[in-house]
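>
Right, dumping it as structure tokens:
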């Protein structure tokens with residue numbers, strides 16, 4: 397496309413972030429009009445403003461850019477206090493509701509047993525299992541997990557991500573082991589000195605606030621704080637776009 401009309405500036409920012417270089421025009425959101433036939437004077441005003449021929453059919457699409465379509469998620473089915481039941485059932489529901497592509501990593505027999513227990517006979521379309529016989533628990537030393545439990549669901553899942561077998565890895569298991577494994581197996585983005593965690597919290601304005609870093613690093617130099625700010629800002633721009641872009645505070 398050489399020209400795109402958008403209803404918000406945030407949508408334009410998203411398009412730019414994925415490489416679109418064509419012209420973008422921000423116009424008023426048609427969904428803000430009163431229910432039923434819009435006021436003719438308002439319609440004429442918009443036709444004049446955007447040079448729309450009233451005698452030529454015009455399609456206005458109001459929707460959202462589904463950047464996450466076809467994203468493949470690798471899920472640690474054995475991570476968390478209520479695994480494998482909670483992650484397996486949640487992921488299957490996500491696959492049904494959103495068409496998510498998911499690879500369970502964990503003890504295949506236990507994953508299938510959870511499904512049978514809840515009357516699920518077959519894996520939904522786009523969902524598969526990668527077997528891993530070991531489990532990382534909260535008592536394992538994060539620094540030694542990669543060497544001691546090479547066939548654990550966490551280590552196998554991170555290796556799959558590093559090999560391009562998925563686009564994201566999710567685990568509710570040991571945070572320390574996950575951070576260590578991600579750093580050593582998947583590696584950091586070039587130029588980034590330290591990995592960071594960035595949970596999103598609801599704020600008083602009704603939006604989201606990301607705390608980055610929130611505890612992965614105990615001792616940080618100023619250059620690392622700047623990198624955390626950049627990473628958090630980029631994350632917010634994609635996940636919670638807003639007019640004017642995200643604000644960064646120290």
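In this note's numbering, the protein residues as written are 397 to 646.
C-beta atoms are modelled at their ideal positions from N, C-alpha and C, and glycine is treated no differently.
1) Determine the burial state of residue 574: buried for a count of at least 16 other Cβ atoms within 10 Å of its Cβ, exposed for fewer.
2) Among the residues of its own chain, which have a CB less than 8 Å from the CB of residue 461, if the five just before and after it don't count?
3) For the candidate residues 494, 423, 469, whose alpha-carbon lies nearest to that of residue 447?
4) How many Å lie between residue 449 and residue 405 at the Cα?
5) Note down, in chain order, each residue of its chain lying with its Cβ closer than 8 Å to the Cβ of residue 640, except the 5 sequence neighbours on either side.
6) Counting pairs of Cβ atoms below 8 Å between the region 597-615 and the region 549-563, do you hit three or more?
7) Under the DSSP definition of a beta bridge, which residues are partnered with residue 409?
8) Roughly how many whole angstroms lie between the Cα atoms of residue 429 and residue 438?
9) Assess contact between the region 512-530 and the region 480-500, defined as three or more Cβ pairs (one per stretch) separated by less than 8 Å. Is contact present?
10) If you pair each beta-carbon of the region 573-591 with each one of the region 538-546, do three or more pairs fall below 8 Å?
11) So who's on the other strand from residue 467, going by DSSP bridges?
12) For residue 478, which option in 638, 567, 626 has the closest C-alpha, if you only look at C-alpha atoms?
13) Measuring alpha carbon to alpha carbon, tell me which of 609, 472, 480 ends up nearest residue 623.
14) How close, in whole Å, do the beta carbons of residue 593 and residue 611 come, if the pair is a contact with beta carbons under 8 Å?
15) Taking the DSSP output, what are the residues bridged to residue 472?
16) To which residues of the same chain is residue 506 closer than 7 Å at the C-beta, ignoring the five residues directly before and after it?
17) Look at the alpha carbon of residue 606 and the alpha carbon of residue 440, and state the distance between them as a whole number of angstroms.
18) Looking only at its chain, what residues have a beta carbon closer than 8 Å to the beta carbon of residue 578, apart from the 5 residues adjacent to it on each side?
19) Output the residue ranges of the beta strand (DSSP E) runs that lie fully inside the region 533-613 and measure 3 residues or longer, sorted by chain position.
20) Below 8 Å on the Cβ atoms is my contact criterion, and I expect residue 399 with residue 415 to pass it. Report the Cβ-Cβ distance as a whole number of Å.
21) In three-state terms, what does DSSP make of residue 414?
22) Would you give the residue range spanned by the beta strand (DSSP E) that residue 644 belongs to?
Concretely, from the data shown:
1) Within the chain shown, the letter at position 178 stands for residue 574. That one is buried.
2) In the chain shown, counting from the first residue as 1, residue 461 sits at position 65. Only weak support exists for where residue 461 lies, its pLDDT of 46 falling under 50; the coordinates are left without a value.
3) As a position in the chain shown, residue 447 is number 51, starting the count at 1. Ranking 494, 423, 469 by Cα distance to residue 447 puts 423 first.
4) As a first step, residue 449 is located in the chain shown; it is residue number 53 there, counting from the start. As a first step, residue 405 is located in the chain shown; it is residue number 9 there, counting from the start. Taking the straight line from one Cα to the other gives about 24 Å.
5) Here residue 640 refers to the residue found at position 244 when the chain shown is read from its first residue. If we look at residue 640 and ignore the five residues flanking it on each side, its Cβ neighbours are 405.
6) no
7) Counting from one through the chain shown, the residue named residue 409 turns up at place 13. According to DSSP, residue 409 bridges with nothing at all.
8) Within the chain shown, numbered from 1, the residue matching residue 429 stands at position 33. Within the chain shown, numbered from 1, the residue matching residue 438 stands at position 42. Because the pLDDT of residue 429 is 45, which lies under 50, any placement of that residue in the model is unreliable, and the question is left without a value.
9) yes
10) yes
11) Here the question's residue 467 lines up with position 71 in the chain shown. Partner(s): none; residue 467 has no beta bridge.
12) As a first step, residue 478 is located in the chain shown; it is residue number 82 there, counting from the start. The option with the nearest alpha carbon to residue 478 is 567.
13) Reading the chain shown from its first residue, position 227 is the one you call residue 623. Ranking 609, 472, 480 by Cα distance to residue 623 puts 609 first.
14) Looking up residue 593 in the chain shown gives position 197. Looking up residue 611 in the chain shown gives position 215. The pair is a contact, with the Cβ atoms about 6 Å apart (cut-off 8 Å).
15) Mapped onto the chain shown, residue 472 falls at position 76. Residue 472 pairs with 501.
16) Stepping through the chain shown from its first residue, residue 506 is reached at position 110. The answer, listed in chain order, is 480.
17) In the chain shown, residue 606 corresponds to position 210, counting from 1. In the chain shown, residue 440 corresponds to position 44, counting from 1. Those two C-alpha atoms are separated by around 42 Å.
18) In the chain shown, the residue the question calls residue 578 occupies position 182. Taken in chain order, the residues that qualify are 554, 565, 591.
19) 564-566, 596-598, 604-606
20) Within the chain shown, numbered from 1, the residue matching residue 399 stands at position 3. Within the chain shown, numbered from 1, the residue matching residue 415 stands at position 19. With a Cβ gap of about 16 Å, residue 399 and residue 415 do not count as contacting.
21) As a working note, residue 414 is residue 18 in the chain shown. If DSSP states are grouped into helix, strand and coil, residue 414 belongs with coil.
22) For the purposes of this step, residue 644 is taken as residue 248 along the chain shown, with counting starting at 1. Premise fails: residue 644 is in no beta strand (DSSP E) and is neither H nor E.
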